[in-house]
Structures are given as C-alpha cells and as structure tokens.
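S.K.: So that we are looking at the same thing, I have put the structure below in structure tokens.
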Amino acid sequence: MQIGSSPNVSSSRKRIVYKPSTWRIHQFEIWSGDLLCKAVALRVQGALLLWLGGAGAAQLSEIALGMPAPSNDGNRDALSTTLIGADGTAAAMARRLSAALERPVYVCSGVTFDRFTMPLIERGLVAEIKSRPECF
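Note that the working numbering has the sequence shown beginning at 10, numbered continuously upward.
See the structure below:
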C-alpha cells in the first residue's frame with residue numbers, strides 16, 4: 010500500500026434484522042400519605058430486577074436474590090441470599106416475591122426500611138403487580 014492511499018473498503022451484503030427488546034422497564038412510586046419509595050422493575054426473560062429507593066438521589070446499598078424452590082406438593086416456596094450489603098429486608102422481600110412470581114427475583118435497595126414501612130411497601134408492590142402484571 011502506498012503512503013497517502015486508503016485501503017479498499019468492501020461492504021457486506023448481510024442484512025441486519027432488528028428485533029424488539031424483550032426487556033420491560035416499569036417505574037412507579039409507592040405512597041402512603043407521603044412518598045415511601047420510588048421503584049423500578051426491570052423484567053428480563055425469566056427473571057425480575059426490582060430497585061427500591063428513597064425520594065433523593067438513587068443509591069444502592071443492598072442486593073438480594075430470591076430463587077423459587079422446586080416443590081412436588083404444589084407449595085410455593087423460595088430461597089434467598091444477600092449478594093451485597095447487610096442481611097436486611099431485601100432478602101426477605103426477594104424470597105417472598107420469588108415465591109409469588111415463580112421466577113428469580115433480584116431486589117436492589119437503596120434505602121433501609123424499618124418494620125413499620127416495609128408492610129406498606131409490600132402492599133404497594135402487590136397492588137402494582139396486580140394492576141400491571143405484564144410489567145412483572
């Protein structure tokens with residue numbers, strides 16, 4: 010090749026077929042008089058990632074994974090573990106959601122919820138799941 014010349018560029022004749030994404034993102038807020046938390050649900054093929062945070066800037070302090078347990082007697086049960094952070098409320102929520110939805114659920118929490126706000130948040134999640142099941 011000579012200095013100052015460009016190489017021969019050959020183009021491909023292959024066609025690229027674009028497919029719609031199978032991921033679904035759903036953002037919502039849970040209120041009980043005041044704003045309790047903001048939530049984002051990312052539904053991917055065969056799993057759900059749920060982020061729960063406060064009203065301020067987005068943070069991440071805890072990640073837990075819930076997996077549905079195989080059962081022969083028809084009971085819905087699940088196991089959970091904390092992946093990052095202290096063993097707090099995210100693991101319990103991941104276990105309950107995984108048992109209810111029958112798929113792996115990652116719960117990412119940016120705020121620590123106490124025993125008074127956690128039932129309110131779970132009620133809000135159940136209401137949102139029932140009203141928008143295609144997002145979960």
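Here a beta-carbon is modelled for each residue, glycine too, at the ideal position from N, C-alpha and C.
1. DSSP beta-bridge partners for D43?
2. Quick test of your reading: L44 and A64, contact by CB under 8 Å. State the CB separation rounded to the nearest angstrom.
3. Extract the residue ranges of the alpha helix (DSSP H) inside the region 84–122, only unbroken runs of 4 or more that lie entirely within it.
4. Classify L58 as helix, strand or coil using the three-state DSSP reduction.
5. Have a look at Y27, E111, S118 and flag the residue whose alpha-carbon is nearest the alpha-carbon of A95.
6. Can you give the Cα-Cα distance for S140 and I25, rounded to whole angstroms?
7. Could you tell me which of G133, N81, L74, M102 sits nearest to T90, measuring between CA atoms?
8. Reducing DSSP to helix, strand and coil, say where G65 ends up.
9. Tell me which same chain residues have a C-beta within less than 8 Å of the C-beta of P113, skipping the five on either side of it?
M.R.: Reading off the structure:
1. Here the question's residue 43 lines up with position 34 in the sequence shown. Note: D43 sits in a beta bridge opposite S41.
2. To locate residue 44, count along the sequence shown from 1; it is residue 35. To locate residue 64, count along the sequence shown from 1; it is residue 55. 5 Å between Cβ atoms; contact.
3. 98–110
4. Counting from 1 along the sequence shown, the entry for residue 58 is found at position 49. L58: strand per DSSP, three-state reduction.
5. Numbered from 1 along the sequence shown, position 86 holds the residue referred to as residue 95. Answer by Cα proximity: S118.
6. Along the sequence shown, read from residue 1 onward, the residue named residue 140 stands at position 131. Along the sequence shown, read from residue 1 onward, the residue named residue 25 stands at position 16. If I take the Cα positions, the gap works out to 37 Å.
7. Along the sequence shown, read from residue 1 onward, the residue named residue 90 stands at position 81. Here the closest residue by C-alpha is L74.
8. For this step, residue 65 is matched to residue 56 along the sequence shown. Here G65 sits in coil by DSSP.
9. On the sequence shown, residue 113 is found 104 positions in, with the first residue counted as 1. Here the set comprises G55, A56, L57, L74, G75, M76, P77, S107.
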